[in-house]
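Before any comments, here is the structure.
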Amino acid sequence: MFSLKQNCWFIRKVVAWRASASIAWSVLLLPLTTAIFLILSRFSLFHPFQWISDCTSLLTASSTIFSLVILCAVVLITGFFNLEFYTLVPSIPCSRVALLGTVLHPQQCIHSLVYSSMGMLVMWCASVIIGGRYSTLGTHCRLGESGEVMTCLNEYHLFLLLSGAFMGYSHSFLGVVQNMYFVSFPPIQQYKYPQFKGCLPMVLKCSVIQSLFSARNFAALYFFFGYMPKAWISNTLNLPLDGSIQPLDSLAGLADISLFYHLVISGTFLYFTWYLSVLLFRIYATEAHTFPVQSTFIEEADQCLPKVLTEKVVLPMKFLALQDLALLSQHSLSRRQEVFSLSQPGGHPHNWNAVSRECLSLLSELTQRLVAHHDAVASNGRVKSQSASSDTKTASSSSSVFSGTEDVPGTPRPSIPLRTPGSVFNSSVGGLPSSLTAPFTPDVDSPFSTPSIRRLVGSQGARSPWFGSVQSPHIMRRGPKLWSASTESQTKESPPPSPASAPTPSAANQKPSFLSQWLQNRKEQVKSFLSKRVLVVYLFNKLPEASSQALFADSQSHIWALQGLSHLVAASFTEDQFGVVQTTLPNILSSLIILLEAVERHFKLPHASSKPCGEYFNGP
């Protein structure tokens, strides 16, 4: 989202500098976190003086400084990924197979590979800092009865390296599942330091919890499959295994408390380094930016608030502009006066027109999405196949009349009008009049029919609601669906088909070709076969609340537009000297009322989500 490839002044002058500042602070805080990790990893309760002296000497050791340089490179790569992949609209997969497709995407696979490599680098630095039995991949051992000293594979070091790769992949995978790259704006604006201080305990808590879960999962994975990478590395590097040490792919080897402690501490250090970079980037990216309402120079016209609000490509600029609009509508009297001002020369309210037009456009867009979703849910998502024959369509339309139901909006209706039994039996075949009449259907042209019957039958004209349908006291006509178009608009937009537009009997009775019918039958058989498989249903079934969450994925922009518009309208009663708001006040009020009704009806639907979209951690 915040890609540097976008040629925009806002990306170059604002976003790039903010990302650079967040990376710089992550690098500056890295020595402090590394020193805390060194102290905790060397902790010794029974030898405190030796513990303090060892930590003091290791802080200035060459191995620690070299590890710190590698960690700085890891932080730089993490900051680049934050800048390249962050988004302001979370990704909401509608099904499990969609989520699986996102995880297996080539770009995501490269991302997971890079993070696995960085996890191994961080764990290598952690093993060097811890020292002791974790320091190197090769260690001296005695083989056999001869007691020959050789270089053997250090399984403890290998265990930490593989755990780093596993934690790196877990971080990348959970970033997709839990929307780690979603930048959420805080509901209350704060300065950077109070916001960082308030979120720091949550980041530490998330790091510890995630490290515990990753350590547990990796221990179970290494218990079952740890022999394969161990044997492959041993054969590749020609490092034999030390038989005098208990292997770690066993219960006795994994029951080592010291090993588990160092694994959890190293994992916490790894996750905390990455989460801290994410936190700092979010704080800098969501910092409020002040846009000028109007400018005296033509070169700066593109940087003014009315122009920036119409931006469609660079979402960070538009979101920050809407945030600035919400803030100025509440806290800045002078900037509100600029919004209500008239242009010179001409005396036109260009600023107010641009701001109100964009806000109303956002609100109407959300209203239309809610109405469309409500119509789809109210009709249970039943949409007829357009490849069905005209006979099938006519039969289904007749059944909908008898059952009192109605079709889904947008479903093609048959062009042949429905007929009463009398009209069916009185229809001519091949252009010749038929002498057959339907039972219990009076023949108006008969000399034996009475004038009252003629008046009764003749009263059912084309404008009668029962014209062309079965007369029965048990049939009730349903009103228009909730939030669908009214009856008058439907009548105006799609008038009833005239007899002249009805297709000829040959066109109505035309059947599809054998090949298309055979393909349709095979398609239905495959769908029926797959719908009975539990795994297929589990993967392709729609996730609960997914459609509702997708509707409100970008709701932050609509919230700011609503806040800014409503506060500007409220302030216009005392601050609008020229009455520019009164020209659009009816449209604003009607849009707000319609949106309120749409939102209320949406949350009365089943599977309507009242929860916000998930974040990676609640702090930022």
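For reference, each letter of the sequence shown is one residue, going 0 to 619 in numbering that gives the first Met the number 0. Just so you know, even glycine gets a beta-carbon here, dropped at the ideal spot from N, CA and C.
Rounded to whole angstroms, what's the CA-CA distance from residue i to residue j? Just pull it up for me.
i, j, result
"Tyr270", "Gln106", "22 Å"
"Ser342", "Phe572", "20 Å"
"Val382", "Glu599", "With a pLDDT of 39 at Val382, under the threshold of 50, the modelled position of this residue cannot be trusted; read the value that follows with caution. Answer to the nearest angstrom: the Cα atoms are 26 Å apart."
"Trp273", "Arg141", "41 Å"
"Trp8", "Val88", "22 Å"
"Glu405", "Ala375", "The predicted model places Glu405 with a pLDDT of 39, which falls under 50 and marks its position as unreliable, so this point remains unresolved."
"Ser2", "Ala60", "Residue placement at Ser2 is poorly supported in this model, since its pLDDT is 49, which falls under 50; the coordinates still yield a value, given next. Computed Cα separation, rounded: 39 Å."
"Ala597", "Pro543", "20 Å"
"Phe184", "Met166", "28 Å"
"Val579", "Ser213", "60 Å"
"Pro605", "Phe42", "55 Å"
"Ala34", "Ala20", "22 Å"
"Gln562", "Phe224", "56 Å"
"Leu304", "Leu67", "44 Å"
"Ile38", "Leu199", "20 Å"
"His139", "Leu236", "15 Å"
"Arg368", "Gln581", "28 Å"
"Leu120", "Ala164", "9 Å"
"Tyr190", "His601", "36 Å"
"Asn520", "Ser512", "12 Å"
"Leu250", "Ala219", "10 Å"
"Gly197", "Val313", "30 Å"
"Ile10", "Leu136", "45 Å"
"Lys522", "Leu529", "11 Å"
"Ser565", "His330", "14 Å"
"Phe65", "Met227", "31 Å"
"Tyr85", "Ile129", "34 Å"
Return the first residue and the last residue of the alpha helix (DSSP H) that residue i is part of.
i, result
"Leu152", "Premise fails: Leu152 lies in the beta strand (DSSP E), Glu147 to Leu152, not in any alpha helix (DSSP H)."
"Arg334", "Leu332 to Phe339"
"Cys205", "Lys191 to Phe224"
"Cys108", "Pro105 to Ile129"
"Val525", "Phe513 to Ser530"
"Gly266", "Ile256 to Ala284"
"Ile558", "Ser554 to Glu574"
"Asp374", "His349 to Ala377"
"Thr55", "Pro47 to Leu58"
"Ile592", "Leu584 to His601"
"Leu44", "Note, Leu44: premise wrong, no alpha helix (DSSP H); not H, not E."
"Gly578", "It is not in any alpha helix (DSSP H) - Gly578 carries neither H nor E in the DSSP assignment."
"Leu250", "Leu250 to Leu253"
"Val312", "Neither: Val312 is in no alpha helix (DSSP H) and is coded neither H nor E."
Inspect the beta-carbon positions of residue i and residue j and report whether they are closer than 8 Å.
i, j, result
"Arg95", "Leu538", "yes"
"Ser206", "Ile587", "no"
"Leu262", "Ser162", "yes"
"Thr63", "Phe268", "no"
"Leu247", "Tyr221", "yes"
"Leu29", "Leu70", "yes"
"Val102", "Val182", "no"
"Ser265", "Met122", "yes"
"Val26", "Val74", "yes"
"Thr309", "Glu357", "yes"
"Tyr114", "Tyr180", "no"
"Ser546", "His373", "no"
"Gln322", "Ala287", "yes"
"Ala18", "Arg335", "no"
"Phe318", "Asp575", "no"
"Phe290", "Ala320", "yes"
"Leu352", "Glu337", "A quick correction: the sequence has Asn, not Leu, at residue 352. No, Cβ-Cβ distance for Asn352 and Glu337 is not below 8 Å."
"Leu157", "Ile232", "yes"
Provide the residue(s) that pair with residue i in DSSP beta bridges, ordered along the chain.
i, result
"Gly137", "Leu152"
"Ser21", "Its beta-bridge partners do not exist; DSSP assigns none."
"Leu142", "Glu147"
"Thr86", "Phe181"
"Ser94", "Lys541"
"Leu240", "Leu152"
Cβ pair count under 8 Å reaching 3, the segment 11 to 21 against the segment 106 to 123:
no
Can we say the segment 146 to 159 touches the segment 196 to 211, given the rule of at least three CB pairs closer than 8 Å?
no
Given 8 Å as the limit, is there contact between the segment 551 to 570 and the segment 359 to 373, that is, 3 or more CB pairs closer than that?
These segments touch.
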